[in-house]
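Here the structure is laid out as structure tokens; the discussion comes afterwards.
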Amino acid sequence: MSVQALNTNKPLLAVKDLRVSYGKVEAVSGIDLTLKEGQLVTVIGPNGAGKTTLLSAIMGLLPSKGDVHFDGEDYVSPEIETLVGRGLGLVPEKRELFSTMTVEDNLLLGAFQRYRKGDDTFENTLAEVYSLFPRLHERRHQQAGTLSGGERQMLAIGRAMMGKPRLLMLDEPSLGLAPLITREIFRIFADLRRQGVSILLVEQNARAALKVADYAYVLEGGQIAMQGPAAELANDPRVIEAYLGLASKHQELLSS
Amino acid sequence: MNFQIALILGQDGITNGAIYALLALSILLVFTVTRILLIPLGEFVTFGALTMAAIQMGKAPALEWLLLALTLIDCGMDLYQYRHKLDGRKFQTIGLKLGYVIAMIALIQTLPLAELPMVFQALLTLALMVPLGPLMYRLFFQPLADAPALVLLIVSIAVHVAMVGVGLLLFGPEGARTEPFTDTVFRVGPMMLKSQTLWVIMVSVILIVTLFLLFERTLYGKALRATAVNRTGARLLGISPVFAGKATFALAAFIGTLSGILIAPITTLYFDSGFIISLKGFVGAIIGGLISYPLAAVGAVAVGLIEAFSMFWASTYKEIIVFTLIIPFLIWRSMTSHHVEDDE
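Residue numbers (numbering that gives the first Met the number 0), protein chains in the order written: chain Y, 0 to 255; chain A, 0 to 343.
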């Protein structure tokens with residue numbers, strides 16, 4: 000019990016003063032962000048706020064300045080391979096699937112680092128992923144490029160899960176998906192957390208994101224504009240006005 | 000031309016074609032994974048053949064010093080690159096590399112090279128040559144991994160020219176030919192089959208099938224294919240492009256050297272013969288559109304056959320005929336291929 004309490008207090012990911020520039024333009028400046036073990040933290044914000052850039056920099060896809068602390072180690076402009084090996088997974092906005100390879104091969108490659116280290120329990124993880132996404136099991140011999148948008152997203156999440164990440168970062172998982180499928184994807188986050196995976200979720204669908212998250216950051220113009228427990232932010236008038244309120248405000252106007 | 004001659008030419012054509020097919024496959028492999036057109040591939044063929052010849056003559060091949068020099072530069076670059084975060088594992092890797100090279104040099108200096116069975120001579124040649132592949136990638140291409148394909152091509156040509164010069168320095172201007180693996184000659188009806196021909200075809204087919212299995216069945220092979228399909232996706236799974244680059248260069252060096260060992264008993268090879276040989280493999284790869292492995296293999300065998308028959312009819316124009324072959328294929332390719340937007 001006490002061990003668990005200790006674990007939940009330990010930050011799994013801590014980003015300090017993170018900066019990323021494209022040439023002379025600073026896309027993200029001075030970001031501080033913390034995520035504790037077992038938490039689901041969301042980053043919301045408008046288009047072009049730097050959400051994808053932030054995730055890419057944490058992952059090491061983009062060179063950055065500032066400290067990235069992950070699972071007890073400090074990195075400056077980290078290398079992807081190291082972080083993946085230590086249990087960080089990213090489901091990118093563009094999915095980045097291997098479109099001419101089969102669904103099963105895509106999933107198996109997700110476990111490449113584990114396979115390389117001689118961990119042969121990835122067959123069990125494959126079974127878990129299939130039980131979570133029965134659709135992928137049906138299509139396992141199909142080429143990834145032939146899947147529908149929702150199935151691709153499932154495959155991208157499943158592929159990241161194959162690496163048994165301790166922290167899964169998801170970039171706009173609901174982008175371009177029908178509401179019903181979005182709901183299904185969001186439901187999976189609960190399953191993932193039950194398996195002990197922490198999640199950093201970047202979303203435009205702020206309402207849904209704030210509902211599932213423990214803590215939230217609002218990113219605007221490459222900087223953190225607001226932060227707090229998700230439930231509080233969901234009721235914050237500024238957030239409601241900027242990200243949640245359109246529909247309800249519209250209704251208020253109509254009713255008055 | 001009578002039937003007898005056609006049979007001999009066909010046999011020659013298929014033998015050369017099998018080698019071109021192997022080279023075409025390595026060119027394709029390296030190109031799809033790293034976007035590099037591996038022009039120095041031919042040097043692996045000639046260096047392999049000349050090293051094998053030196054070993055058979057009982058001389059220590061000078062290649063060991065090239066291997067030592069490149070390894071030292073490689074270790075120096077590693078030390079410089081990781082100067083701020085050196086740890087035990089880095090030193091261990093460096094120690095392993097140096098240890099391997101020193102062990103190889105010790106082996107070559109002490110073993111009675113000429114008396115070794117041919118299998119061991121071939122293995123020794125491969126053990127000397129294959130590390131040159133990853134070394135070449137590390138020293139010349141890895142720092143440029145994100146450069147445009149044209150820059151990579153220019154570097155590739157430069158490496159080729161340098162390697163030809165190094166070849167002259169290491170092996171001298173004399174050509175060399177090695178002993179055939181076996182001396183037997185078979186008679187099948189009217190046809191005389193030299194056993195070396197059978198060796199070439201057999202080893203090529205085995206290698207092609209092995210490559211197929213490697214890429215279709217093993218996770219390491221799939222990881223290389225995945226890098227070719229989607230670099231970012233592969234990086235996100237911890238498949239490092241550096242690892243993929245070194246692995247494909249090692250494979251290419253292996254295939255090139257083995258091709259050299261296979262054809263050395265058939266043709267006399269000089270330090271600069273590699274270019275024309277790999278160029279013919281390249282024609283095969285072009286016929287496959289630099290994408291399709293089976294098409295490239297078939298194309299390469301066709302190149303071998305056309306070369307053999309044009310040698311009979313118009314031997315002066317042999318090379319011209321082979322290389323002109325590329326033009327109709329380029330026209331056909333450019334008319335049938337569509338530019339595909341690269342968005343997924």
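Glycine included, C-beta positions come from ideal geometry on N, C-alpha and C. Here the structure is a predicted model, which is why all the values come from computation and not from measurement.
- Sequence-ordered contacts of the segment 232 to 245 of chain A with chain Y read GLY232, ALA233, ARG234, LEU235, LEU236, GLY237, ILE238, SER239, VAL241, PHE242 [C-beta pairs closer than 9 Å].
- Proximity to A:PHE30 across A:CYS74, A:GLY98, A:ASP182, A:ALA144 peaks at A:ALA144, based on C-alpha coordinates.
- When DSSP states are grouped into helix, strand and coil, Y:LEU174 belongs to the coil group.
- Using a Cβ distance threshold of 7 Å, A:ALA243 and A:ALA23 do not count as a contacting pair.
- Per the DSSP secondary-structure output, A:ASP86 pairs with nothing in a beta bridge.
- When the Cα atoms are used, A:LEU212 and A:ARG224 turn out to be separated by approximately 13 Å.
- A Cβ-Cβ distance of about 7 Å is found for the pair A:THR33 and A:PHE140, placing them in contact under the 8 Å criterion.
- Taking A:ALA59 as the centre and dropping the five residues before and after it, the same chain places the C-beta of ALA53, ILE107, GLN108, LEU112 closer than 8 Å to its C-beta, in chain order.
- Look at A:TYR81 here: in three-state DSSP terms it is coil, with no helix or strand label.
- A contact between stretches requires three or more CB pairs, one per stretch, nearer than 8 Å, and the segment 54 to 63 of chain Y fails this requirement with the segment 175 to 191 of chain A.
- Neighbours of Y:GLY109 across chain A, judged by C-beta separation under 8 Å: LEU236.
- Contact residues of the segment 67 to 100 of chain Y toward chain A are GLU78, ILE79, GLU80, THR81, LEU82, VAL83, GLY84, GLY88, LEU89, VAL90, PRO91, LYS93, ARG94, GLU95, LEU96, PHE97, SER98, THR99, MET100 (C-beta to C-beta distance below 9 Å).
- Inclusion of Y:GLU171 and Y:GLU122 in the CB contact set at 7 Å is not warranted, their separation being larger than that value.
- Buried is the label assigned to Y:SER197, since at least 16 other Cβ atoms lie within 10 Å of its Cβ.
- Between the alpha carbons of A:VAL300 and A:GLY12 lies a distance of about 7 Å.
- Within the DSSP bridge table, the entry for Y:TYR21 names Y:VAL24 as partners.
- Distance between Y:ASN204 and Y:LEU11, taken at the CA atoms: about 25 Å.
- According to DSSP, residue pairing for A:THR70 in a beta bridge does not occur.
- Remark: C-beta atoms of Y:MET153 and Y:PHE185 do not approach each other more closely than 7 Å.
- Residues of the segment 197 to 228 of chain A with a C-beta less than 8 Å from any C-beta of chain Y: LEU218, LYS221, ALA222, ARG224, ALA225, VAL228, listed in chain order.
- The three-state secondary structure of Y:ASP73, taken from DSSP, is strand.
- Distance between A:THR217 and A:THR209, taken at the CA atoms: about 11 Å.
- Just so you know, the alpha carbons of A:ASP73 and A:TYR136 end up roughly 10 Å apart.
- Residue-level contact by beta carbon fails for Y:GLN152 and chain A, as no gap is shorter than 7 Å.
- At a Cβ-Cβ threshold of 7 Å, Y:VAL90 and Y:ILE156 count as neighbours.
- Per DSSP, Y:PRO62 has no beta bridge partner at all.
- Taking every protein chain shown into account, the CB of Y:LEU146 has 16 or more other CB atoms within 10 angstroms, so this residue is buried.
- With respect to the 7 Å criterion, Y:PHE111 and A:ALA222 are classified as neighbours on the basis of their beta carbons.
- When only Cα atoms are considered, Y:ARG151 and A:LEU152 end up about 35 Å apart.
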